[in-house]
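Asks: Chains as they are written, first to last, in the working numbering: chain A, 1 to 167; chain B, 1 to 176; chain C, 1 to 106; chain D, 1 to 367; chain E, 1 to 565.
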Amino acid sequence: MPAFLFWIFALLMLIFGAAVVVNRNPVASALSLVVSFLGLAALFMSLDAYFIGIIQVLVYAGAVMVLFLFIIMLLDLRAEERRQISWLTSAGAIAVALALLLQIFYVVGHFKSAQQPFPPLARSTTDDVRNIGLLLFGNYNLPFQIIGILVLVATIGVVLLSRREPR
Amino acid sequence: MAITVPRPNLNWRERMYLPAIVAGLAITIKHFKNMLFGRTRVTMQYPEEKWDASLPDYYRGAPALVRDEDGRVRCVACQLCEFICPPRAIKIIPGEIPSTNRFAKVEKYPEEFDIDMIRCIFCGMCEEVCPEQAIYLRKDYAITGFTRADMVHHKEKLLEIGGVMHGVVLKWNEKK
Amino acid sequence: MITLGDYLIVSGILFAIGFAGVMLRRNLIIILMSLELMLNAANLSLVAFSRFRVLPTGLPDYNMQVFVFFIITVAAAEVAVGLAILVALFRARQTTDVKDISSLRF
Amino acid sequence: MAYFIVTSLLKIVGILFLVILPMVSYSVYAERRVSAFIQDRRGPNRVGPAGLFQPIADIFKLLLKEDFTPRTVNTFYYWLAPCLAMMPAIITIAVVPFGSTLFGVPMVIADINVGILYVFAIASLGVYGIVLAGWASNSKYPFLGGVRSSSQMISYELSLGLAVIPIFLLVGSLRLTSVVRYQIEHGWFIAPFIGDWMNPWKWLLAIPMLISFVVFAIAIFAETNRLPFDLPEAEQELAGGYNTEYSSMKFALFFLGEYAAMITGSAIIVTLFFGGWHLPLPSWHGGFHWVFVDGNAPGWRGVIGGLFNIATFFTKVAVLIFMFMWVRWTLPRFRYDQLMRLGWLFFFEIALVNIFIAAGILAFIRP
Amino acid sequence: MFNVQIDGVWHQFPKGTRVIEACEQAGSYVPRYCYHKKLSSPGNCRMCLIEMGLPKLGPDRKPELGTDGKPAINWMARPQISCAQDVAEGMGVRTNSPLVKECQQGVMEFLLINHPLDCPICDQAGECRLQEFSVDYGTSQSRFLENKVKKPKNVVLGPRVTLDDERCILCSRCIRFCQEIAKDDVLGFVDRGSYTVLTAHPGKRLENNYSLNTVDICPVGALTSTDFRFKMRVWFLKETKSICTSCATGCNTIIGTREDVIYRQTPRENDAVNSCWMCDYGRLNFDYLQSERRLLEPQILSGEKLVAADWQTAIAQAALELKQFSGSEIAIIASGRMTNEELWLTLQLAKTLNVPSIEIVPRTGPGDDILLSEDRNPNMNGARLLGVTSEPGAKLPAIADGVKSGRVTGLITLGENPMRLGISAEQLETLSTFVVMDILSNAATEYATVVLPSFAFAEKRGSMINGEGRLQRLNRAVRAPGAARDDWKILRDLTQACSGQNSSYSIEDVFRQMAEAVPRLTGLSLSKIGDLGVQVMEAHESPAPPVDLAAKNIEEAESQRPPGR
């Protein structure tokens with residue numbers, strides 16, 4: 001993938017990611033997050049992970065964020081009015097985030113492999129999906145089933161939570 | 001009183017809905033087919049064919065002002081139609097008939113009489129309320145114009161549509 | 001030339017943004033979104049590593065992609081539960097502001 | 001590389017401007033004609049012969065109307081929404097193979113290995129246009145339309161995705177061209193037994209495939225907001241729903257987006273169940289047998305074959321579009337709770353069970 | 001107190017109450033044409049017939065008691081008119097017995113015999129007693145087959161009143177009004193029987209200043225106002241309670257408007273001010289609201305010419321110009337036609353600018369003993385009470401001299417024409433700042449540096465104190481044309497622009513501030529004034545109106561037109 005495409009999608013993702021945090025209006029935040037996820041999906045594709053990229057769009061942009069939007073609209077959340085910002089908390093939060101960033105920069109800077117380009121891939125005879133699927137249903141069979149149970153439990157939990165209390 | 005319509009009890013076949021859906025699709029495709037092959041002929045092709053000849057007597061088209069046999073505008077600007085008009089389409093500016101006029105006895109006439117045909121709903125209230133039998137709903141139904149101003153019928157236009165009305169009560173002409 | 005380091009740094013920045021969002025914002029729904037940002041930052045570095053570690057067969061290391069797949073699944077479940085809790089909270093309190101939801105029971 | 005880019009661009013431009021967009025506007029015309037015929041009317045018959053120039057007149061009318069932005073809307077999103085509504089339907093077309101080959105160029109814009117997932121992913125973005133339109137209009141009916149749309153989309157995407165899994169269990173690849181190839185070799189999925197009448201396995205396979213088709217087609221109806229599932233725009237109760245506050249070309253974009261989605265949906269159904277661009281022709285060349293033409297034949301036969309395949313594909317799409325219209329003018333709209341019940345308690349389960357049936361057939365009975 | 005039985009229920013009424021009034025108070029309305037409570041009762045329409053009875057007296061001259069323990073009543077055989085009879089002890093009245101109903105139907109039938117059926121062109125239609133009672137008490141058809149009597153139509157009785165004799169039902173209210181209230185005996189009946197007509201005495205015209213009250217009290221459409229005739233049907237009129245601002249009397253009025261045009265003003269009953277009447281002068285004084293000369297948008301002097309500006313610019317310009325002077329260089333000429341709220345805000349403006357010379361222009365005219373006051377300023381007492389002036393007009397010569405000598409370089413006139421003070425156009429031209437707030441343009445407006453168009457009396461809310469010291473309320477009947485602005489808002493904005501401080505946001509706020517500062521107004525608010533007003537000063541507190549210096553040396557360059565057209 002050409003370098004400029006990487007930077008375009010990376011910047012898209014970061015700028016809209018920041019917009020999620022900055023925007024006052026929940027709907028604008030949610031839409032920024034969608035765009036950010038689309039950028040992320042493009043980055044996944046640039047790493048030859050087509051299946052993950054598409055799943056990213058399908059699950060996040062297509063389902064999770066629609067759910068977010070649905071909830072925002074259902075609760076009719078309006079733009080927050082400007083509140084008094086607690087400077088101490090904000091400064092603390094930003095400081096921690098910056099420290100985290102510095103740490104990452106430092107670690108990546110001292111990580112030898114990080115300076116190397118990606119090795120070339122062999123031309124695959126089978127689909128991405130098939131390879132992942134084989135692993136998923138082979139090596140990771142048990143975790144996969146556990147995840148299935150987890151999703152089931154989550155579904156039941158959501159149904160119970162969102163049921164109105166009988167009066 | 002609220003009436004609860006009982007829901008029909010459906011058997012399992014009916015509850016599948018599929019036969020009903022297929023039956024419905026069959027009906028519509030039959031209509032489609034008949035129309036396609038020109039076997040159905042229901043609608044009237046409006047600009048070419050018109051139903052002017054078969055308009056019923058009670059048809060309510062455009063409202064219009066009428067004159068009586070003496071050529072007097074029957075309206076005396078009492079403004080009752082302006083009052084009764086549900087969409088407030090009528091606007092009247094009354095005037096006084098000069099004493100030299102042969103109808104000076106009537107004293108009052110409409111100086112301006114506008115009906116906004118964009119607003120008019122052809123309800124016929126004006127005709128019903130008129131104490132002078134001066135306004136009638138005629139059979140004109142295709143009222144068109146290029147601007148909103150065109151769609152306002154002024155007095156002249158209304159009188160042109162209305163023409164002369166014969167055989168109505170002539171209460172201002174009573175003999176001495 | 002794009003290196004592994006670039007991806008890792010981008011992923012790190014995204015994580016920091018998400019972290020800042022969780023710390024700074026008080027709207028529960030935005031906090032949930034920021035959490036998603038952080039999870040996805042992790043996904044990005046995982047996929048980058050997966051692409052970097054090419055197996056002898058010439059294919060990327062799919063183990064990490066499977067891991068990402070799991071993360072996405074769990075995150076979706078987490079969002080569903082989180083939003084359900086949010087709706088329940090909103091019904092009780094008519095607010096999504098964490099400052100207003102400070103008591104242990106309703 | 002340059003050759004690839006040029007042919008891709010040609011395909012994009014050709015398919016978009018020569019086929020899809022005219023098809024969209026003419027499907028609007030067709031809709032009006034079909035509905036008129038079903039209701040014993042004539043439909044548009046004034047502009048040009050049999051009203052064939054009606055779409056052009058419509059376009060001019062829509063372009064010349066006042067583009068009105070109400071005062072209370074959220075302007076940015078209000079303008080963004082129509083664009084978002086039109087876009088997904090069009091970019092989904094990219095992965096659908098609409099012909100075999102022409103001059104050696106495969107007639108698909110992007111033959112990617114996660115084809116059907118791409119379709120679902122992009123189709124699921126279609127809801128944003130509607131939700132945003134409803135929200136940005138700052139008006140109650142559009143808002144209700146938007147909210148309805150978001151939950152409807154989520155509910156029916158599940159059945160949509162689950163319904164096609166049996167097909168990919170069979171094909172073993174998510175690539176849409178592979179699906180078409182498989183059908184050319186093994187018979188169309190809607191009726192795999194055709195041409196192989198004596199094979200009981202094919203007959204058995206037809207059961208899950210038929211269920212797949214029904215569930216998938218119905219889910220596509222819901223995804224494209226067509227009656228009987230057009231809850232988001234329900235004219236009678238929501239006054240047009242999410243597009244109530246729109247006028248002029250912005251309204252037209254919603255309108256065209258809906259028809260583009262319908263075309264895309266038909267194209268995918270054709271690809272998945274009706275053999276794509278495949279149509280065998282009867283031949284008497286030394287006794288009766290089926291011949292199959294495609295773009296791989298040498299010389300002018302290849303060109304004719306390629307063009308014939310493209311024509312076949314779009315004819316099938318047109319027939320399916322007629323199906324869409326036929327259903328629309330026959331069935332009444334569902335109530336909202338009925339829609340949800342149908343999606344979650346009926347189609348979702350059917351699709352799940354269908355996967356088990358198909359998997360069982362494949363695992364235990366496959367010859 | 002007398003015990004009176006009305007329709008079977010016993011009530012108590014003070015001595016001297018008319019039976020017709022007693023019935024009304026008891027809730028049984030008796031129809032009437034000739035009877036008017038402010039006039040004498042001739043009893044000639046016969047519409048108010050009732051059945052009446054007196055206590056049945058026993059042999060001992062004591063009332064016999066009925067089975068219910070109340071006095072039994074000896075009903076009279078024939079009906080009586082209720083308007084000419086006072087209540088008496090033990091009296092019984094029946095207002096809806098079969099006999100009374102039959103009488104009412106008969107009287108209605110007689111009244112309608114010669115009455116033309118021209119309701120569609122009659123201006124009284126909609127408020128016509130004949131229409132109302134013929135629905136309530138009459139029969140639905142006419143049995144009259146003969147020809148109706150023809151009488152003169154369209155008779156010009158006077159400059160403002162037109163008579164249609166055919167519609168007259170000979171109730172004589174107008175005759176009695178002229179004799180008893182207007183003290184100008186001009187009307188009378190001539191001829192006999194069916195041919196009786198109302199007319200003016202030979203050689204006389206109905207032209208006194210109260211002639212239009214006859215139109216108000218005429219129960220049918222016989223007397224019509226020439227001004228209002230054929231202009232508008234009464235059922236379209238939106239009625240707003242307000243007061244007349246043409247003199248210090250402050251008659252209570254009802255303003256009839258339709259679509260922001262005033263069609264008529266009629267008196268509203270208020271026994272403390274104007275009884276049921278008002279003068280023609282005030283009644284017809286509303287035409288100037290639609291005048292050609294109406295100022296429609298704020299203007300500022302730009303170079304040599306006045307150019308239209310928006311309000312912000314005009315106010316900012318005025319404030320900028322005024323702030324460059326010290327207070328002693330500015331003079332404010334306020335008006336006695338301003339409401340209390342506006343005068344109060346004018347005082348605030350004067351305080352902000354430190355202006356000592358602020359004065360009201362007196363305005364007088366011939367008055368009469370009935371309603372019209374010599375003082376033609378409606379709110380002179382308000383100006384006195386608020387302390388805008390102690391002796392109206394006293395400072396005017398000083399201001400005029402100041403302008404003439406050049407000592408005053410900034411002049412603010414509020415609804416007044418400085419030329420009335422003898423200041424000439426040349427002198428006005430020398431002023432470096434001349435802010436005019438007015439309704440109509442006049443000769444002086446041309447020399448203004450800032451023109452601020454304001455509201456007329458029917459366009460604004462506010463309060464005024466009349467010559468008797470009664471605080472009354474103006475209400476808004478129409479919207480002002482163009483960009484004209486409410487006076488109090490202009491003054492508030494001007495004060496704000498000069499001082500930089502926010503003050504009030506509604507006229508109620510202004511009144512509240514005023515009520516806090518002025519002891520006489522304590523505890524009052526605009527809504528507490530009510531429709532009938534509140535007495536805040538004693539009548540003897542208002543001295544005779546001051547001499548109008550200006551009236552002699554300038555012709556009436558005024559907005560108000562003289563009575564009569």
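Backbone N, C-alpha and C define an ideal beta-carbon position, used for all residues, glycine too.
All values reported here derive from a predicted model rather than from experimental measurement.
Rounded to the nearest angstrom, how far is the Cβ of V66 of chain C from that of E36 of chain C, given a contact under 8 Å?
Replies: Actually they are not in contact, since the Cβ atoms of V66 of chain C and E36 of chain C sit about 20 Å apart, beyond 8 Å.
Asks: For P232 of chain D, which residues in the same chain have their Cβ closer than 8 Å to its Cβ, ignoring the five residues on either side in sequence?
Replies: I130, G134, G145, G146, R148, S149, Q152, N225, L238, G241, Y242
Asks: Out of A:L101, A:W7, A:V66, which has the shortest C-alpha to C-alpha gap to I17 of chain C?
Replies: It is A:L101.
Asks: If you measure from the beta carbon of I29 of chain B to each beta carbon in chain D, is any gap under 8 Å?
Replies: yes
Asks: If the cut is a Cβ gap below 8 Å, which residues of chain C does A97 of chain A touch?
Replies: A16, I17, F19, A20, M23
Asks: Taking only the alpha-carbon atoms, compute the straight-line gap between S225 of chain E and Y288 of chain E and give it to the nearest angstrom.
Replies: 19 Å
Asks: Would you say T40 of chain B reaches chain D, if we count a Cβ-Cβ gap shorter than 8 Å as a contact?
Replies: Judged by the 8 Å Cβ criterion, T40 of chain B is in contact with chain D.
Asks: Just checking L130 of chain E against the ligand COA - is the residue's beta carbon closer than 7 Å to any of the ligand's heavy atoms?
Replies: The ligand COA is not part of the structure shown, which contains no ligands of any sort.
Asks: If K139 of chain B sits next to L65 of chain B, beta carbons under 8 Å apart, how far is it from one beta carbon to the other, in whole angstroms?
Replies: In fact, because the Cβ distance is near 15 Å, the residues do not count as touching under 8 Å.
Asks: Leaving aside the five residues before and after L440 of chain E along the sequence, list all residues of the same chain whose C-beta is less than 8 Å from its C-beta, in chain order.
Replies: Y288, S291, R293, R294, L295, S559
Asks: Run through chain D and tell me which residues come within less than 7 Å of A42 of chain A, C-beta to C-beta.
Replies: For A42 of chain A, no chain D residue has a Cβ inside 7 Å of its Cβ, as the nearest lies near 12 Å away.
Asks: Does the Cβ-Cβ distance between C83 of chain E and I20 of chain E come in under 8 Å?
Replies: Yes, they are a contact pair.
Asks: Relative to the C-alpha of E245 of chain D, which candidate in D:R32, D:L227, D:Y78 has its C-alpha closest?
Replies: Comparing Cα-Cα distances from E245 of chain D to each of D:R32, D:L227, D:Y78, the minimum goes to D:Y78.
Asks: Going along chain A, which residues have a C-beta under 9 Å from W300 of chain D?
Replies: Simply none; closest approach about 34 Å.
Asks: Pick out whichever of E:S357, E:K37, E:A477 has its Cα sitting closest to the Cα of F177 of chain E.
Replies: E:K37
Asks: Name the DSSP beta bridge partners of R18 of chain E, please?
Replies: Looking at the DSSP assignment, R18 of chain E forms a beta bridge with E:D86.
Asks: Just how far apart, CA to CA, sit P317 of chain D and L307 of chain D?
Replies: Looking at the sequence shown, residue 317 of chain D is not Pro but Val. Whole-angstrom Cα-Cα distance: 15 Å.
Asks: For the candidate residues B:R102, B:R74, B:Y141, B:L158, whose alpha-carbon lies nearest to that of K50 of chain B?
Replies: B:Y141
Asks: By the three-class DSSP mapping on this structure, what secondary structure does F434 of chain E have?
Replies: strand
Asks: Considering A200 of chain E, what are the terminal residues of the beta strand (DSSP E) in which it resides?
Replies: Run containing A200 of chain E: 197-200, per the beta strand (DSSP E) assignment.
Asks: Give the residues of chain E in contact with P178 of chain B, contact being defined as C-beta atoms less than 9 Å apart.
Replies: The structure shown does not extend to residue 178 of chain B, since chain B is modelled only from 1 to 176, so the question has no answer here.
Asks: Would you kindly work out how many angstroms separate the C-alpha atoms of D230 of chain D and N9 of chain B, rounded to a whole number?
Replies: 27 Å
Asks: If you run the structure through DSSP and keep just helix, strand and coil, what is L411 of chain E?
Replies: strand
Asks: Identify the continuous beta strand (DSSP E) that holds G467 of chain E and give its terminal residues.
Replies: From DSSP, G467 of chain E is part of no beta strand (DSSP E); its letter is neither H nor E.
Asks: From the DSSP output, in three-state form, read off A551 of chain E for me.
Replies: Summary for A551 of chain E: the model assigns pLDDT 46, below 50, so the residue's position carries little reliability, and this model does not support an answer.
Asks: For the alpha helix (DSSP H) that contains S525 of chain E, what are its first and last residues?
Replies: In the DSSP assignment, S525 of chain E falls outside any alpha helix (DSSP H), carrying neither H nor E.
Asks: Does DSSP put M76 of chain E in a helix, in a strand, or in coil?
Replies: coil
Asks: Determine, using beta-carbon pairs with one atom in the region 364-383 of chain E and one in the region 404-417 of chain E, whether at least three such pairs fall under 8 Å.
Replies: no
Asks: Please work out which residues of its chain come closer than 8 Å, Cβ to Cβ, to E341 of chain E, disregarding the five sequence neighbours upstream and downstream, and give them in chain order.
Replies: These residues qualify, in order along the chain: G462, S463, W488, I507, V510, F511, M514.
Asks: Grouping DSSP H, G and I as helix and E and B as strand, with all else coil, what is G275 of chain D?
Replies: In the structure shown, G275 of chain D sits in coil (DSSP, three-state: anything other than H, G, I, E or B).
Asks: Measuring straight from C-alpha to C-alpha, what distance separates I384 of chain D and M73 of chain A?
Replies: No answer is possible for residue 384 of chain D: the residues shown for chain D start at 1 and end at 367.
Asks: Here's a check: name, in chain order, each residue in its chain whose Cβ is nearer than 6 Å to the Cβ of I113 of chain E, leaving out the five neighbours to either side.
Replies: Same-chain partners within the cutoff: F144.
Asks: Anything in the region 106-117 of chain A with a Cβ closer than 9 Å to a Cβ of chain C? List those residues in chain order, please.
Replies: V107, V108, G109, F111, S113, A114, Q115, Q116, P117
Asks: Going along the region 299-332 of chain D in order, which residues come within less than 8 Å of chain B, judged by CB to CB distance?
Replies: W326, V327, W329, T330, L331
Asks: So for F113 of chain B, helix, strand or coil by DSSP?
Replies: strand
Asks: Which residues in chain B sit within 7 Å of R41 of chain D, going by Cβ to Cβ distance?
Replies: T43
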